[in-house]
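Right, one structure below, let's go through it.
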Amino acid sequence: MVTLESVSLRPAAANDPLHDGRSVHNAPLDQPLVLDLDQTLLRSDLLVECFVAALRRNPFILFQAILWLARGKAYLKQKLAPYAPDDLDAIPAHDGVVELAEREARRGRRVVLATASDELMARRVAKRFAFIGEVFASDGTKNLKGASKAERLAERFPQGFIYAGDSKADLVVWARAQSAVGVNLQPKTAKALAQLGKPMLLLNDAKHPARVLIKAARVKQWAKNALIFIPLFLAGMATDLAAWRDALFAFFGLGFVASATYLLNDLFDLADDRRHWTKRNRPLASGALPIGEGLMLVPVLALAGFALAAAAGWAVFATVTLYTAITLAYSFHVKRVPILDVAVLATLFTLRLFLGVVAIGAVISPWLFVFSMALFLSLSTAKRHTEVVRMALHGKTKTAGRGYIARDEPMLLALGLAAAMSAVVLFSLYLTAEAFHAAMYTAPGFLWATPILLFLWLGRIWLVSQRGELDDDPVAFALNDKASLALGLMLGLAFGGAIFGGFALEALPWIA
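Under my numbering, the first residue of the sequence shown is numbered 40, with each subsequent residue one higher.
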């Protein structure tokens with residue numbers, strides 16, 4: 040949170056009042072504080088919010104929007120306004136701007152909202168903030184931005200005004216204002232504002248853009264794509280450099296495409312995520328990443344991913360395309376259908392394994408795919424189970440954007456545990472039917488430890504889920520859980536012993 044005590048002020052020469060934030064506070068009280076709305080008072084752009092909401096309801100509205108835009112941006116905003124999210128109050132506000140406005144309102148200064156957003160939405164937002172006393176907005180004919188906003192404000196407040204904005208388009212408004220407040224300005228815009236010679240206050244709490252992008256793209260989730268490399272080892276191709284090359288192309292191709300689908304999913308889930316106790320901190324939901332930038336990133340990441348997939352071969356490209364189609368179906372509809380949603384999530388995990396197979400042209404046991412479906416069905420159910428448990432702890436009866444209610448918790452617990460036990464049994468059958476006879480294992484007896492370790496890990500996942508302590512993503516939880524990491528290490532040692540244990544025994548003649 041940004042407070043007025045921690046604002047960033049433009050450095051100035053000693054005793055120079057122009058760039059001292061206190062001079063904004065000291066402006067005559069008859070000069071109103073005028074707030075821009077998009078990316079200033081709110082950490083979002085209402086036009087883009089409406090466009091995304093409209094696109095979610097009807098993807099073909101894109102073509103209508105192009106026709107509306109041809110009649111002017113103000114007309115486009117007016118036509119998209121009815122698609123505004125139902126809960127505008129959930130859109131995060133800029134704490135520093137709110138604190139400034141509340142403080143000045145208490146001192147007796149009039150606070151005004153002046154925005155290029157459509158008047159219908161502007162007035163809805165104004166009701167949320169008690170300090171707003173007057174609203175200026177676009178009316179379907181005139182787009183209140185830049186010069187038109189500056190002219191309107193100068194005419195309405197001849198005694199002068201303080202203006203708070205965030206972009207290069209606000210420079211002409213700051214030029215007509217007596218004092219300026221800049222919110223998360225780009226360096227060039229901040230420099231241009233300073234050159235106007237106005238009393239100026241800068242509020243800056245923007246996070247490092249690279250970190251925001253990495254978090255928004257959920258690069259941590261790429262760890263799931265490590266399933267692609269499992270066939271390399273099971274097929275005895277771990278030393279094949281060409282196979283590694285194709286597997287890496289598949290890994291990064293799927294990673295970029297998956298990031299694009301994550302962003303698209305987050306864009307369409309904005310309203311639900313903002314009401315969620317943890318998802319509200321995601322970059323798009325929290326406003327750390329502008330929605331417009333998120334929209335532009337989707338095609339960029341998708342194109343990069345498909346290009347890499349094509350480089351690994353058409354079979355990989357086709358599999359990534361299938362993965363994308365299923366993911367989009369999940370994002371648009373399936374995630375709201377109970378039981379089917381967890382089955383589709385398990386399928387997406389198994390597709391990662393299948394992608395590794397087609398990338399290197401390997402042949403592996405069908406037992407592995409059956410085991411994968413059971414394992415990830417259990418983990419996907421745990422993901423939903425923990426959401427239902429936490430929902431009940433927060434006093435809610437229905438999950439936002441999902442099809443589950445609080446009374447579904449026992450059923451999800453039973454389904455998840457059944458899938459977990461099925462995974463352990465199926466893995467044991469895979470060991471006896473296939474693994475023990477594979478030439479790559481020189482001491483297959485070590486493999487008997489793996490079903491036990493798998494049972495212990497799945498048991499821990501479900502114990503933590505039942506307590507309401509599981510992360511929203513069991514895989515992410517496992518990567519940060521010491522017990523899970525220890526069990527994973529022991530699992531790796533068991534496989535290592537099965538592969539290399541025979542050689543070790545041969546090297547110790549007194550044991551042999």
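Ideal placement from N, C-alpha and C gives every residue a C-beta, glycine not left out. These figures come from a predicted structure and were not determined experimentally.
Under the Cβ criterion (8 Å, minimum of three pairs), the region 63 to 80 counts as touching the region 201 to 212. For Ser156, DSSP records no beta bridge to any residue. Ala203 is bridged by DSSP to Leu74, Val220. In its chain, beyond the 5 residues on either side, Pro71, Gly172 have a beta carbon closer than 6 Å to the beta carbon of Arg149. Around the CB of Gln225, fewer than 16 other CB atoms lie within 10 Å, so the residue is classed as exposed. Buried is the label assigned to Ile267, since at least 16 other Cβ atoms lie within 10 Å of its Cβ. DSSP places Ala176 in the uninterrupted beta strand (DSSP E) bounded by 171 to 177. The beta carbon of Ala385 sits closer than 7 Å to the beta carbons of Met412, Phe415, Leu416, Ser419 from its chain, once the five residues preceding and following it are set aside; these are given in chain order. Residue burial is scored here from C-beta neighbours: Asn223 has at least 16 other C-beta atoms within 10 angstroms and is therefore classed as buried. Val87 and Ala277 have their C-alpha atoms spaced approximately 47 Å apart. Judged by DSSP in its simplified three-state form, Leu235 adopts coil rather than helix or strand. With contacts defined as CB atoms closer than 8 Å, Ala189 and Thr154 fail to qualify as a contacting pair.
Between Gly442 and Val376, the C-beta gap is smaller than 8 Å, which places the two residues in contact.
Taking a cut-off of 8 Å on C-beta distances, the region 250 to 259 touches the region 327 to 341, as three or more cross pairs fall below it. With a cut-off of 8 Å on Cβ pairs, the region 283 to 302 is in contact with the region 382 to 400, counting three or more such pairs.
Residue pairing of Ile444 in beta bridges, as defined by DSSP: Lys437. One thing to note: Leu309 has its Cβ within 8 Å of the Cβ of Ala324.
For the pair of segments examined, the region 155 to 171 was found not to touch the region 95 to 111: the number of CB pairs separated by less than 8 Å stays below three.
One alpha carbon belongs to Leu115, the other to Ala193, and they sit about 26 Å apart. For Leu306, the closest of Leu94, Val355, Val503, Gly275 by C-alpha to C-alpha distance is Leu94. Its Cα nearest to that of Ala349, the residue Asp285 stands out among Leu390, Ile491, Asp285.
Using a 10 angstroms sphere on the CB of Thr317, the tally of other CB atoms stays under 16, which defines it as exposed. Under the Cβ criterion (8 Å, minimum of three pairs), the region 358 to 378 does not count as touching the region 233 to 252.
Note on Asn65: under 16 other CB atoms within 10 angstroms of its CB, so exposed under the neighbour-count rule. The three-state secondary structure of Leu509, taken from DSSP, is coil. Contact between the region 486 to 495 and the region 526 to 540 is present: 3 or more CB-CB pairs across the two stretches fall below 8 Å. Relative to Lys184, the option among Val212, Thr360, Phe200, Ser461 whose CA is nearest is Val212. Under the three-state reduction of DSSP output, Val503 falls in the helix class. For Ala364, the closest of Leu293, Lys263, Trp261 by C-alpha to C-alpha distance is Leu293. A residue is called buried when at least 16 other Cβ atoms come within 10 angstroms of its Cβ; Thr471 does not meet this threshold and is exposed. Our two residues, Leu451 and Ala368, have alpha carbons roughly 22 Å apart in a direct line. For Arg95, the enclosing alpha helix (DSSP H) begins and ends at 85 to 96. When C-alpha distances from Val296 are compared across Pro490, Tyr362, Phe99, Asp510, the shortest belongs to Tyr362.
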